[in-house]
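J.:
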Amino acid sequence: MKNARLKLRPHVRLEADAEGKGGMMLDTQSGTICACNESAWVSLKALKKGVDAESLAAGLTKTFEVPPETARKDVLALVSELHLMDLLEQT
498 MKNARLKLRP HVRLEADAEG KGGMMLDTQS GTICACNESA WVSLKALKKG
548 VDAESLAAGL TKTFEVPPET ARKDVLALVS ELHLMDLLEQ T
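Numbered according to this note's numbering, the sequence shown spans residues 498 to 588.
#1: Measuring alpha carbon to alpha carbon, tell me which of Ala513, Lys570, Ala501, Asn500 ends up nearest Leu541.
#2: By the three-class DSSP mapping on this structure, what secondary structure does Leu584 have?
#3: Mind the definition here: the stretch 500-508 touches the stretch 575-584 only if three or more C-beta pairs lie below 8 Å; say whether that holds.
#4: I'd like to know if the stretch 513-526 and the stretch 554-573 are in contact, where contact means that at least 3 CB-CB pairs between them fall below 8 Å.
#5: If you drop the 5 nearest sequence neighbours on each side, which residues of the same chain put their C-beta closer than 7 Å to that of Cys533?
#6: For Cys531, collect the residues of the same chain with a Cβ closer than 6 Å to its Cβ; drop the 5 residues on either side in sequence, then sort them by chain order.
#7: Can you say whether Ala515 is buried or exposed, counting buried as having 16 or more other CB atoms within 10 angstroms of its CB?
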């Protein structure tokens, strides 16, 4: 994975559910709403602040006790989807 810093675009809002373990991602430009499970929520909160993909995967490995390769695969899939939706900046 590249070490580029990834960050959600400013028009992306995150709204937590009542338990704070998941929530919704809202694209305020297109009106698209996506429900998020706990692992996606943790990832999106980190991406809202800005993070590189390797650190994001390491955080998922630690938080959810998943193998590093699984975390990397999941991060790449999420980053790819967010890029397709034009919701992610890369610096």
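Just so you know, even glycine gets a beta-carbon here, dropped at the ideal spot from N, CA and C.
T.: Inspection of the coordinates gives the following:
#1: Residue nearest to Leu541 within the set Ala513, Lys570, Ala501, Asn500 is Ala513 (criterion: CA-CA distance).
#2: In this structure, Leu584 counts as coil in the three-state DSSP scheme.
#3: Touching, per the Cβ criterion.
#4: Too few Cβ pairs lie closer than 8 Å, so no.
#5: Same-chain partners within the cutoff: Gly519, Gly520, Met521, Met522, Leu541.
#6: Once the five neighbours on either side are set aside, the close Cβ partners of Cys531 are Met522.
#7: It counts as exposed.
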